[in-house]
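See below for the structure under consideration.
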Amino acid sequence: MSARVLVLLLALAAPAMAADAAPTAELLLGAIDVPLTPEALAAAGVDEARATAVARDPARRRYLRVRAAGALGVLGTDGARRTLEALAAEDPDVEVRIQAVTALARVWAPRDPAVAERLRALHAGAPRALGDVLAAELARLAPR
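Here the working numbering runs 26 ahead of the position in the sequence shown, where the first position is 1.
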(Lines of atoms letter the chains of each structure in order from A and count residues from 1; the text may use other names and numbers.)
(Lines give C-alpha, C1' and ligand atoms only; values in the text may rest on other atoms or scores of the structure.)
Protein backbone atom coordinates (compact mmCIF):
# COMPACT_ATOMS: atom_id res chain seq x y z
CA MET A 1 0.00 0.00 0.00
CA SER A 2 2.80 2.47 0.78
CA ALA A 3 4.28 2.06 -2.72
CA ARG A 4 0.93 3.08 -4.21
CA VAL A 5 0.81 6.16 -2.02
CA LEU A 6 4.34 7.13 -3.05
CA VAL A 7 3.49 6.72 -6.74
CA LEU A 8 0.33 8.79 -6.26
CA LEU A 9 2.25 11.55 -4.49
CA LEU A 10 4.91 11.62 -7.20
CA ALA A 11 2.22 11.77 -9.89
CA LEU A 12 0.56 14.69 -8.15
CA ALA A 13 3.85 16.53 -7.67
CA ALA A 14 5.13 16.03 -11.24
CA PRO A 15 3.24 18.95 -12.84
CA ALA A 16 4.46 21.35 -10.15
CA MET A 17 8.04 20.16 -10.55
CA ALA A 18 7.82 20.52 -14.33
CA ALA A 19 6.43 24.06 -14.02
CA ASP A 20 9.49 25.13 -12.03
CA ALA A 21 12.00 23.77 -14.52
CA ALA A 22 13.10 26.22 -17.21
CA PRO A 23 12.73 24.85 -20.73
CA THR A 24 15.81 24.29 -22.81
CA ALA A 25 16.42 26.45 -25.87
CA GLU A 26 15.26 23.69 -28.21
CA LEU A 27 12.07 23.09 -26.23
CA LEU A 28 11.21 26.78 -26.08
CA LEU A 29 11.88 27.39 -29.76
CA GLY A 30 9.95 24.27 -30.70
CA ALA A 31 6.95 25.03 -28.48
CA ILE A 32 3.77 26.05 -30.25
CA ASP A 33 2.05 27.34 -27.13
CA VAL A 34 4.75 29.32 -25.31
CA PRO A 35 5.14 32.99 -26.19
CA LEU A 36 8.67 34.26 -26.75
CA THR A 37 9.35 36.86 -24.10
CA PRO A 38 12.66 38.28 -22.92
CA GLU A 39 12.20 36.38 -19.65
CA ALA A 40 11.41 33.06 -21.33
CA LEU A 41 14.36 33.43 -23.70
CA ALA A 42 16.75 34.20 -20.84
CA ALA A 43 15.44 31.30 -18.74
CA ALA A 44 15.94 28.88 -21.64
CA GLY A 45 19.40 30.20 -22.49
CA VAL A 46 18.38 31.68 -25.84
CA ASP A 47 20.70 34.60 -26.50
CA GLU A 48 21.57 36.37 -29.74
CA ALA A 49 24.27 33.87 -30.69
CA ARG A 50 22.05 30.82 -30.14
CA ALA A 51 19.03 32.34 -31.91
CA THR A 52 21.24 33.40 -34.82
CA ALA A 53 22.77 29.94 -35.13
CA VAL A 54 19.36 28.24 -35.22
CA ALA A 55 17.78 30.81 -37.57
CA ARG A 56 20.63 30.50 -40.08
CA ASP A 57 20.90 26.70 -40.02
CA PRO A 58 19.06 25.26 -43.05
CA ALA A 59 19.40 21.76 -41.57
CA ARG A 60 17.05 22.74 -38.72
CA ARG A 61 13.30 22.28 -38.93
CA ARG A 62 11.52 25.25 -40.46
CA TYR A 63 9.48 25.95 -37.32
CA LEU A 64 12.60 26.18 -35.16
CA ARG A 65 14.21 28.57 -37.64
CA VAL A 66 11.10 30.75 -37.79
CA ARG A 67 10.83 30.88 -34.00
CA ALA A 68 14.55 31.68 -33.72
CA ALA A 69 14.02 34.61 -36.10
CA GLY A 70 11.14 35.72 -33.90
CA ALA A 71 13.40 35.42 -30.86
CA LEU A 72 15.89 37.75 -32.52
CA GLY A 73 13.11 40.31 -32.77
CA VAL A 74 12.30 39.91 -29.10
CA LEU A 75 15.98 40.28 -28.18
CA GLY A 76 16.11 43.52 -30.15
CA THR A 77 19.89 43.94 -30.33
CA ASP A 78 21.80 45.55 -33.20
CA GLY A 79 23.31 42.18 -34.03
CA ALA A 80 19.84 40.63 -34.13
CA ARG A 81 18.72 43.36 -36.54
CA ARG A 82 21.66 42.68 -38.86
CA THR A 83 20.93 38.95 -38.82
CA LEU A 84 17.26 39.55 -39.56
CA GLU A 85 18.13 41.87 -42.44
CA ALA A 86 20.32 39.17 -43.95
CA LEU A 87 17.64 36.51 -43.46
CA ALA A 88 14.95 38.76 -44.96
CA ALA A 89 17.06 39.41 -48.04
CA GLU A 90 18.58 36.04 -48.81
CA ASP A 91 17.29 33.07 -46.83
CA PRO A 92 16.16 30.26 -49.15
CA ASP A 93 13.08 29.54 -46.98
CA VAL A 94 10.35 32.11 -47.60
CA GLU A 95 8.78 31.43 -44.17
CA VAL A 96 12.01 32.40 -42.43
CA ARG A 97 12.16 35.51 -44.61
CA ILE A 98 8.56 36.38 -43.68
CA GLN A 99 9.33 36.14 -39.96
CA ALA A 100 12.47 38.24 -40.40
CA VAL A 101 10.51 40.92 -42.27
CA THR A 102 7.78 40.93 -39.64
CA ALA A 103 10.28 41.34 -36.80
CA LEU A 104 12.13 44.10 -38.63
CA ALA A 105 8.90 45.94 -39.47
CA ARG A 106 7.51 45.76 -35.96
CA VAL A 107 10.61 46.23 -33.84
CA TRP A 108 13.04 48.42 -35.79
CA ALA A 109 11.23 50.12 -38.67
CA PRO A 110 8.99 52.32 -36.49
CA ARG A 111 12.05 53.99 -34.98
CA ASP A 112 14.57 53.67 -37.81
CA PRO A 113 13.57 54.97 -41.26
CA ALA A 114 16.59 53.22 -42.81
CA VAL A 115 15.14 49.82 -41.85
CA ALA A 116 11.79 50.75 -43.40
CA GLU A 117 13.60 51.83 -46.55
CA ARG A 118 15.44 48.49 -46.76
CA LEU A 119 12.10 46.71 -46.41
CA ARG A 120 10.70 48.80 -49.28
CA ALA A 121 13.68 47.80 -51.41
CA LEU A 122 13.03 44.11 -50.70
CA HIS A 123 9.43 44.41 -51.85
CA ALA A 124 10.26 44.83 -55.56
CA GLY A 125 11.72 41.37 -56.21
CA ALA A 126 10.05 39.41 -53.42
CA PRO A 127 8.20 36.13 -53.97
CA ARG A 128 4.43 36.59 -53.69
CA ALA A 129 3.96 35.40 -50.09
CA LEU A 130 6.82 37.57 -48.89
CA GLY A 131 5.64 40.48 -51.03
CA ASP A 132 2.18 40.27 -49.47
CA VAL A 133 3.65 40.45 -45.97
CA LEU A 134 5.96 43.29 -46.96
CA ALA A 135 3.04 45.22 -48.46
CA ALA A 136 0.96 44.77 -45.32
CA GLU A 137 3.79 45.76 -42.98
CA LEU A 138 4.76 48.77 -45.11
CA ALA A 139 1.12 49.91 -45.20
CA ARG A 140 0.98 49.61 -41.41
CA LEU A 141 4.10 51.77 -41.15
CA ALA A 142 2.81 54.45 -43.54
CA PRO A 143 1.93 57.77 -41.91
CA ARG A 144 -1.80 58.31 -41.57
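We treat Cβ as the ideally placed atom computed from N, Cα and C, and that holds for glycine.
- Assignment of alpha helix (DSSP H) within the region 59-118, counting only whole runs of 4 or more residues, yields 64-70, 74-82, 88-101, 104-116 in chain order.
- In this chain, the alpha helix (DSSP H) harbouring residue 56 covers 51-56.
- The straight-line gap separating the alpha-carbon atoms of residue 98 and residue 153 is approximately 23 Å.
- If you draw a 10 Å sphere on the C-beta of residue 58, you find fewer than 16 other C-beta atoms in it, and that means exposed.
- In this structure, the beta-carbon distance from residue 72 to residue 90 does not fall below 8 Å.
- Cα atoms of residue 146 and residue 158: separation of roughly 12 Å, rounded to the nearest angstrom.
- Secondary structure at residue 138: coil, using DSSP grouped into helix, strand and coil.
- Of the candidates 109, 53, 141, 107, 53 places its Cα closest to the Cα of residue 70.
- Between residue 78 and residue 109, the CB-CB gap stays under 8 Å.
- No Cβ-Cβ contact shorter than 8 Å links residue 164 with residue 115.
- Residue state for residue 129 is assigned as helix, using DSSP reduced to three classes.
- For residue 123, the three-state secondary structure derived from DSSP is helix.
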